[in-house]
Amino acid sequence: MPRESESGLPISPVYGPEDLAGFDPAAALGRPGEYPYTRGVYPSMYTGRPWTMRQYAGFGTAKESNERYHQLVTAGTGGLSVAFDLPTQMGFDSDDPIASGEVGKVGVAIDSIDDMKTLFGGLPLDRISTSMTINAPAAVLTVLYQLAAEEQGISADKLRGTVQNDVLKEYIARGTYIYPPKHSLRLTTDIFRYCRAEMPRWNTISISGYHMAEAGATPVQEIAFTLANGIEYVQAAIDSGQDVDDFGPRLAFFFVSRTTLLEEVAKFRAARRMWASIMRDRFGAKDPKSLMLRFHTQTAGVQLTAQQPEVNMIRVTVQALAAVLGGTQSLHTNSFDEALALPSEKAARLALRTQQVIAYESDVTATVDPFAGSYMVESMTDAVEAAARELMGRIEDMGGAVEAIERGFQKGEIEHSAYDVALSAEDGRRTVIGVNKFQIDQDEHYDPLRVDPQIEKEQAGRLEALRAERDGAAVTRHMDAIRDAAQGSDNVLYPLRDALRARATVGEVCNALRDVWGAYQPDERF
57 MPRESESGLP ISPVYGPEDL AGFDPAAALG RPGEYPYTRG VYPSMYTGRP
107 WTMRQYAGFG TAKESNERYH QLVTAGTGGL SVAFDLPTQM GFDSDDPIAS
157 GEVGKVGVAI DSIDDMKTLF GGLPLDRIST SMTINAPAAV LTVLYQLAAE
207 EQGISADKLR GTVQNDVLKE YIARGTYIYP PKHSLRLTTD IFRYCRAEMP
257 RWNTISISGY HMAEAGATPV QEIAFTLANG IEYVQAAIDS GQDVDDFGPR
307 LAFFFVSRTT LLEEVAKFRA ARRMWASIMR DRFGAKDPKS LMLRFHTQTA
357 GVQLTAQQPE VNMIRVTVQA LAAVLGGTQS LHTNSFDEAL ALPSEKAARL
407 ALRTQQVIAY ESDVTATVDP FAGSYMVESM TDAVEAAARE LMGRIEDMGG
457 AVEAIERGFQ KGEIEHSAYD VALSAEDGRR TVIGVNKFQI DQDEHYDPLR
507 VDPQIEKEQA GRLEALRAER DGAAVTRHMD AIRDAAQGSD NVLYPLRDAL
557 RARATVGEVC NALRDVWGAY QPDERF
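Here this note's numbering is used: the first residue of the sequence shown is 57, the next is one more, and so on.
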């Protein structure tokens, strides 16, 4: 029976030269570090040094998360990746009634500069790279990171890392948006402009396919919708008066890596080639760094199972290998117990060790792009690119990513794919080890890490003390300045920085913007 890829593309049992008829290696591949970057964005890739090994972590209070970060740095991680709790992601303080029951649950609770200083206390922010998974309040957390470094005596021009800042995918797949799309894009371009002046080594956006993939997008949908969002951001920045080569080099991407290793490698190679041509031919970028699709990868959390959780270690290893063979710039490996609860310290360390074994004990770092010239992978790369371009053409016909989002197009396509995946696992067309095949009667008992509900009261107490100690009149003046900037065309991040330095809270500054821009209400028809 013929097999299909995750995207529904046919997979032949045997590939040969005939599958690359008309294939021009010079045009399609080039050399590593050269246009169209199919073979990687740097000439030496991992032969000089491996990718940045990140571990996504954050839970409970800033103090608890800080302790985990110190453990990860000691274990050898080269970069931190911060998970924020749901109230922080939505721009609410921990003592807001809407935050009840969610404080510190899926990430760390950050309410003010006090929390941010605690979160990064004792960590060498001038020597490590930090990624922050935050979107609608990305401007707030970026400035708080800058202020936390300032407290350590570290200037902003030394800070390296990435803020996710990709709010368009929130309307498609995650739902942690605050403001309407037009105002969200305004805030995004303000971040571009601010960081170019204040934090030149900081990646201002991580245009993300990961969350769409976790919601059910196929590999083709993942890169098509991600690159379509990227086009929207670039156009918005150009429309705001910025030159493409002023911000293009600081754009970054974020993808998933599944267990379907061969299609994932093809996906990464196709995405690099497509973005290079989009930036050069559509937007006229001339700086080679503007053409490079540099990306972070996370292994596929959605493929992890609560049944026989130790099998997840094998899944994560295959997924990590796919990301490395696909040429990722940084990688987070999920912990085997994440389908049960927050990862334990032992599981997080083992996830990092998985990367270290691939980097230091295997031979995949000895040569650049080992799959180059593979009949199968080159053919699949072409097929993924063709299918993704067709899907992006449909979005263009609707008027672009924002118009398509407001019509529910991407969301609907992903939901159809997710339904098919669930159905195929139920009817046996898709094998899930331990779930619908090779089950066991009883799994080993695991004692998962849980967040103490007392954290919510502790955070509320800290907020009460902060509001009593600070200069309330100064905070009020800064809130007015934020509203004035939001109503006009001044960069919002400067008055926002003044307010946060005066110990305004995350919820207060987000509410000041809500006062002007309102909150987004999706069209319930979609």
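By construction, the Cβ of each residue, glycine as well, lies at the ideal position given by its N, Cα and C atoms.
- For Thr389, is the classification buried or exposed, using 16 other Cβ atoms within 10 angstroms of its Cβ as the cut-off for buried? In the sequence shown, the residue the question calls residue 389 occupies position 333. Counting of Cβ neighbours within 10 angstroms places Thr389 among the buried residues, the total reaching 16 or more.
task = Find the nearest neighbour of Met335 within the set Lys402, Ser346, Gly484, judged by alpha-carbon distance.
result = Position 279 of the sequence shown, counted from the first residue, corresponds to residue 335. In terms of Cα proximity to Met335, the closest of Lys402, Ser346, Gly484 is Ser346.
Checklist entry - According to DSSP, is Trp331 helix, strand or coil? => result The count along the sequence shown starts at 1 and reaches residue 331 at position 275. Trp331 sits in a helix when the DSSP states are folded into three classes.
Hey, could you find the ends of the alpha helix (DSSP H) Tyr431 is sitting in? Residue numbering aside, residue 431 sits at position 375 when the sequence shown is read from its first letter. Judged by DSSP secondary structure, Tyr431 falls within the alpha helix (DSSP H) whose first and last residues are 431-453.
Once DSSP output is grouped into helix, strand and coil, what is the label at Thr186? The sequence position of residue 186 within the sequence shown is 130, counting from 1. Strand.
Relative to the C-alpha of Ala212, which candidate in Cys251, Gly177, Asn221 has its C-alpha closest?
In the sequence shown, residue 212 corresponds to position 156, counting from 1. Out of Cys251, Gly177, Asn221, Cys251 has the C-alpha closest to the C-alpha of Ala212.
**Prompt:** Exposed or buried, which one is Thr189 when buried takes at least 16 other CB atoms within 10 Å?
**Reply:** As a position in the sequence shown, residue 189 is number 133, starting the count at 1. Burial call: buried.
ask   = Of the residues Pro58, Ser435, Ser187, which one's Cα is nearest the Cα of Gly114?
value = For the purposes of this step, residue 114 is taken as the residue at position 58 of the sequence shown. In terms of Cα proximity to Gly114, the closest of Pro58, Ser435, Ser187 is Ser187.
Discussion item. Buried or exposed for Phe494, going by 16 or more other Cβ atoms inside 10 Å?
Written reply: Here residue 494 refers to the residue found at position 438 when the sequence shown is read from its first residue. With fewer than 16 Cβ atoms within 10 Å of its Cβ, Phe494 is classed as exposed.
_Could you give the first and the last residue of the continuous alpha helix (DSSP H) run that contains Gln261?_
Position 205 of the sequence shown, counted from the start, is the residue given in the question as residue 261. A small fix is needed here, since residue 261 is Ile in this sequence, not Gln. Following the DSSP letters along the chain, one finds Ile261 in no alpha helix (DSSP H) but inside the beta strand (DSSP E) bounded by residues 261-264.
#### Entry: Own chain partners of Gly89 with C-beta closer than 7 Å, once the 5 adjacent residues on each side are dropped
Working through the sequence shown from its first residue, we reach residue 89 at position 33. Around Gly89: Gly96, Val97, Tyr98, Pro99.
request  = Under 7 Å Cβ to Cβ from Glu288, same chain only, skipping five residues before and after it: list those, please.
outcome  = Residue 288 sits at position 232 when you count from the first residue of the sequence shown. Cβ contact annotation for Glu288 (same chain, cutoff 7 Å, sequence separation greater than five): Leu224, Gly456, Ala457, Val458, in chain order.
The alpha helix (DSSP H) that contains Leu175, what's its start and end? One-based indexing of the sequence shown puts residue 175 at position 119. Leu175 -> alpha helix (DSSP H) spans 169-175.
Under the three-state DSSP convention, the category Lys342 falls into: By 1-based counting over the sequence shown, the position of residue 342 is 286. Note: Lys342 maps to coil in three-state DSSP.
Q: Would you kindly report the start and end of the unbroken alpha helix (DSSP H) that includes Gly563?
A: Here the question's residue 563 lines up with position 507 in the sequence shown. Residues 562-573.
Only counting the same chain, and skipping five residues up and downstream in sequence, which positions put a Cβ closer than 8 Å to that of Val374?
Position 318 of the sequence shown, counted from the start, is the residue given in the question as residue 374. By the criterion of a C-beta distance shorter than 8 Å, Val374 is surrounded in its chain by Thr315, Leu317, once the five residues flanking it on both sides are discounted.
Exercise. When the Cα atoms are used, what is the spatial distance from Ala379 to Asp152?
Worked result: Start at 1 with the first residue of the sequence shown, and residue 379 comes out as number 323. Start at 1 with the first residue of the sequence shown, and residue 152 comes out as number 96. Computed Cα separation, rounded: 40 Å.
- Go ahead and pull the three-state DSSP assignment for His352. The residue you call residue 352 lines up with position 296 of the sequence shown. The answer is strand: DSSP assigns His352 an E or B state.
Are Asn259 and Arg329 closer than 7 Å when you measure CB to CB? Counting from one through the sequence shown, the residue named residue 259 turns up at place 203. Counting from one through the sequence shown, the residue named residue 329 turns up at place 273. No, the pair does not count as a contact, with Cβ atoms beyond the cut-off.
*Expressed to the nearest angstrom, what Euclidean distance is found between the alpha-carbon atoms of Ala308 and Ala205?*
For this step, residue 308 is matched to residue 252 along the sequence shown. For this step, residue 205 is matched to residue 149 along the sequence shown. The alpha-carbon of Ala308 is positioned some 22 Å away from that of Ala205.
Within 7 Å, strictly: CB atoms of Ala118 and Val164:
Mapped onto the sequence shown, residue 118 falls at position 62. Mapped onto the sequence shown, residue 164 falls at position 108. Yes. Within cutoff.
- Task: Pick helix, strand or coil for Phe140, following the three-state DSSP scheme.
- Result: Here the question's residue 140 lines up with position 84 in the sequence shown. Note: Phe140 maps to strand in three-state DSSP.
Quiz item: Could you give the residue range of the alpha helix (DSSP H) that holds Ala194?
Solution: Numbered from 1 along the sequence shown, position 138 holds the residue referred to as residue 194. Here the alpha helix (DSSP H) through Ala194 covers 194-207.
With distances taken Cα to Cα, identify the nearest neighbour of Gly132 among Ala407, Ser418, Asp182, Thr487.
What you label residue 132 is simply residue 76 of the sequence shown in a count that begins at 1. Comparing Cα-Cα distances from Gly132 to each of Ala407, Ser418, Asp182, Thr487, the minimum goes to Ala407.
Note to self: Going by DSSP, what residue range makes up the alpha helix (DSSP H) through Gln498?
What the structure shows: Here residue 498 refers to the residue found at position 442 when the sequence shown is read from its first residue. Going by DSSP, Gln498 is part of no alpha helix (DSSP H) at all; its letter is neither H nor E.
Taking 7 Å as the threshold (C-beta atoms), are Ala280 and Ala229 in contact? Walking along the sequence shown from the start, residue 229 turns up at place 173. Walking along the sequence shown from the start, residue 280 turns up at place 224. Note that the C-beta distance between Ala229 and Ala280 is not below 7 Å.
Distance between Leu181 and Lys214 (C-alpha atoms, nearest Å):
Within the sequence shown, the letter at position 158 stands for residue 214. Within the sequence shown, the letter at position 125 stands for residue 181. Each residue's alpha carbon lies about 8 Å from the other.
If you pair each beta-carbon of the segment 242-251 with each one of the segment 476-484, do three or more pairs fall below 8 Å?
The answer is no - the segment 476-484 does not touch the segment 242-251, with fewer than three Cβ pairs under 8 Å.
Roughly how many angstroms separate the alpha carbons of Glu417 and Ile451, rounded to a whole number?
Counted from its first residue, the sequence shown places residue 417 at position 361. Counted from its first residue, the sequence shown places residue 451 at position 395. One C-alpha to the other measures close to 44 Å.
_Residue environment, Ser264, which counts as buried when at least 16 other CB atoms sit within 10 Å_ = Residue 264 sits at position 208 when you count from the first residue of the sequence shown. Classification of Ser264: buried, given that the 10 Å Cβ count is 16 or more.
Exercise. In angstroms, rounded to a whole number, what distance separates the CA positions of Asn547 and Ala541?
Worked result: Mapped onto the sequence shown, residue 547 falls at position 491. Mapped onto the sequence shown, residue 541 falls at position 485. It is roughly 7 Å from the alpha-carbon of Asn547 to the alpha-carbon of Ala541.
> Comparing alpha-carbon positions, which option in Lys173, Glu525, Ile489 lies nearest Glu366?
Replying inline: Along the sequence shown, one-based indexing puts residue 366 at 310. Closest by alpha carbon: Ile489.
Using the rule of at least 16 other Cβ atoms within 10 Å of the residue's Cβ for burial, across every protein chain shown, is Lys467 buried or exposed?
The residue you call residue 467 lines up with position 411 of the sequence shown. For Lys467, the number of other beta carbons within 10 angstroms of its own is at least 16, and it is reported as buried.
| message | Taking DSSP's pairing of strands, which residues face Leu387 in a bridge? | response | As a first step, residue 387 is located in the sequence shown; it is residue number 331 there, counting from the start. DSSP lists Met109, Thr353 as the bridge partner or partners of Leu387.
Measure how close the beta-carbons of Glu226 and Ala194 come, nearest whole angstrom, since I'm counting them as under 8 Å. Taking the sequence shown and counting its residues from 1, one reaches residue 226 at position 170. Taking the sequence shown and counting its residues from 1, one reaches residue 194 at position 138. With 8 Å as the limit, Glu226 and Ala194 do not qualify as a contact, their Cβ atoms being about 11 Å apart.
In whole angstroms, what is the alpha-carbon distance linking Met436 and Ala322? For the purposes of this step, residue 436 is taken as the residue at position 380 of the sequence shown. For the purposes of this step, residue 322 is taken as the residue at position 266 of the sequence shown. A straight-line Cα-Cα distance of about 6 Å links Met436 and Ala322.
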